[in-house]
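Numbering (the numbering used here), first residue to last: 87 to 640.
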RNA sequence: GCGCCCGUAGCUCAGUUGGAUAGAGCGCCGGGCUUCGAACCCGUAGGUCGCAGGUUCGAGUCCUGCCGGGCGCGCCA
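In structure tokens, the structure reads:
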């Protein structure tokens, strides 16, 4: 389409029908209103000022000189203030359908990413407690984004950064140890800022069975509680994620940064770059030279490195491992941290767009018409596991992925639970199951499809049939667009639309028997079954990218 | 006080580098199953796109200022 337009405009330049100017930023879009054709462009409007002519006049010059050499177009018209609306000929749409049918599970796969190595870091929950709803949102988002990026030709690595070096991990150990002590001495004081959840008590029980905490020094016992507690929590996190259909390629330990000396050598490079200075006995990095609102400490007065220091070295390490691009998915409460991270990376000469941080806004949980405040320290929260137990993986993932990540999400647990049949995920899945059912029906009537749809597709002439094909044609470019904008939620809306188009089409046949998919005319049945089969493939591909099952029966 | 995100139908939310008459689901009201799955379809009602300016052929979308809500502003992680 764009090729036709470009050929046309250069031809008009050559012939002197239009004065030669640089091409403006025009768009070719799919209009909302079907009356406006299959595609529309605002090219004449954008040319108006440089050409110093009326948009409609420019439009008529372009239309009269259209270079449609492949015979792509069925009709062209000038509309409104100076849009050009195009209709594609049916045979072109049939070609799209053939393409879907031959590619099937690979339909939508693109080379947009050019095999670029990209690292997506997400969830990265501290191993001090179970995953909660916020983590679930990050997990669903990150996982789906990775699936889409891979599908679009990126070489994706999924990474979970384990914050196992800091204060909070010690606090886990102390909390567990305290619960252990309290088994014998209920008055034993609980540490300030300790973790209060019931799971701490479980850890204390299990660890005290495995290790003889009683006869160890307090220091040694706390150390065991810390190490075992951390390992067990991490194990639980891995299980929860796996059940949520989220897999990671790399589990990267913050401790490893210290142990391997990477942190130290990274800080040496920072110092070489002369962006570090001494003040009041601490080491500061001049992030304010690179867009941060103030400088930051990387090494404290007591010689300890800050969390920021290890995070900088972690990102230097990511780059060193050869990634051309990094995407971090963080909770919105870390947003203040973004400018300093970017500043530190700029100080190291990273390209400005090397790191993209996606901030996910809060998940607010509602139950019985009331908001439930969640706090990990207070031990008062709903875990991802509990939610999945109640509503199932498919529904939870779909709800998370239906909202844009930078908007807070109200998760009404009663609604999602009771919704069962009203939940939009079932609407899409039902489309898939329904098509499977039609094929079962066709088989029971002895209808078998030819290997190829050649010569049959001109039977597809209904508006609803064309609408389905047009929808499917958008799929690959939608995925590219999602890769570019990092907005996976658009896929859920696409699938809902596609399923709606199918349900609508299907329902034609409840009124008029000739419009059924399996109908009296055999060739028409074949053509419609091919169409349905293609829709089934696209729904399955889309659900697959969302990490949601495509059931054959429901 | 400063910074980031959000504000669109009764509710929850979409709205594709600015495009033509602002959409969906839920809820309300009313229709549609004697053969392909009614977990579906069709229709009615419901809007000052928070407010006010600005940019232009054109603004829910971009800019400025307000209002309202959320989240951050440690030598914590």
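All C-beta atoms in this analysis are idealised placements derived from N, C-alpha and C, irrespective of residue type, glycine included.
Bear in mind that the values here come from a model prediction, so they are computed numbers and not experimental data.
Inclusion of residue 560 and residue 490 in the CB contact set at 8 Å is not warranted, their separation being larger than that value. In this structure, 106 is the residue among 125, 124, 106, 495 with its C-alpha nearest to the C-alpha of residue 134.
Using a Cβ distance threshold of 8 Å, residue 250 and residue 213 count as a contacting pair. Rounded to the nearest whole angstrom, the C-alpha separation of residue 329 and residue 94 is 54 Å.
Annotation for residue 373: no beta strand (DSSP E) segment contains it, and DSSP assigns it neither H nor E. DSSP places residue 444 inside the beta strand (DSSP E), whose first and last residues are 441-446. With fewer than 16 other Cβ atoms from the protein chains shown falling within 10 Å of its own Cβ, residue 99 counts as exposed. In the DSSP annotation of this structure, residue 386 is not part of any alpha helix (DSSP H), being labelled neither H nor E. At least 8 Å separates the beta-carbon of residue 591 from that of residue 543. Within the DSSP secondary-structure output, residue 203 pairs in a beta bridge with 241.
The C-beta separation of residue 235 from residue 199 comes to about 6 Å, placing the pair in contact by the 8 Å criterion. Classified as exposed, residue 526 has fewer than 16 neighbouring CB atoms from the shown chains inside 10 Å of its CB. In this structure, DSSP gives residue 161 an extended state, which the three-state scheme calls strand. When secondary structure is reduced to three states using DSSP, residue 171 falls in the strand class. A distance below 6 Å between beta-carbons, with the five flanking residues on each side excluded, links residue 224 to the following residues of its chain, in chain order: 208, 209, 415, 446. One alpha carbon belongs to residue 393, the other to residue 368, and they sit about 14 Å apart. If you draw a straight line from the Cα of residue 342 to the Cα of residue 403, it is about 12 Å long.
Setting aside the 5 residues that flank it on each side, residue 261 is surrounded in the same chain by 277, 280, 281, 286, each with a C-beta closer than 7 Å to its C-beta; the list follows chain order. Sequence-distant Cβ neighbours of residue 182 in its own chain, meaning closer than 6 Å and more than five residues away, are 555, 559.
Spatial neighbours of residue 477 in its own chain (CB-CB distance under 6 Å, excluding positions within 5 residues in sequence) are listed in chain order as 502, 503.
Contact between residue 332 and residue 229 holds: CB atoms are separated by about 4 Å, below the 8 Å threshold. Counting other Cβ atoms within 10 Å of its Cβ, residue 265 reaches 16 or more and is therefore classed as buried.
Membership of residue 477 in the alpha helix (DSSP H) is indicated by the continuous run 470-477.
Nearest to residue 439 by alpha-carbon distance, out of 143, 204, 585, is 204. With fewer than 16 other CB atoms across the displayed protein chains lying within 10 angstroms of its CB, residue 109 is exposed.
Setting aside the 5 residues that flank it on each side, residue 211 is surrounded in the same chain by 217, 221, 323, each with a C-beta closer than 7 Å to its C-beta; the list follows chain order. The alpha-carbon of residue 351 is positioned some 18 Å away from that of residue 432.
Shown here, residue 624 sits in a helix according to DSSP, grouped into three states.
In this structure the stretch 616-631 lies against the stretch 516-530, because at least three pairs of beta carbons, one per stretch, are closer than 8 Å. Assigned with DSSP and collapsed to three states, residue 135 falls in helix. For residue 283, no beta strand (DSSP E) run applies, since DSSP gives it neither H nor E.
Scanning 595, 289, 131, 154 for the CA closest to the CA of residue 143 turns up 131. The Cβ-Cβ distance between residue 568 and residue 577 falls below 8 Å. Judged by beta-carbon spacing, residue 175 lies within the 8 Å limit of residue 159, meaning their Cβ atoms are closer than that value. Taking a C-beta distance under 8 Å as the contact criterion, residue 245 and residue 338 qualify as a contact pair.
Residue 616 is positioned such that its CB atom lies no closer than 8 Å to that of residue 487.
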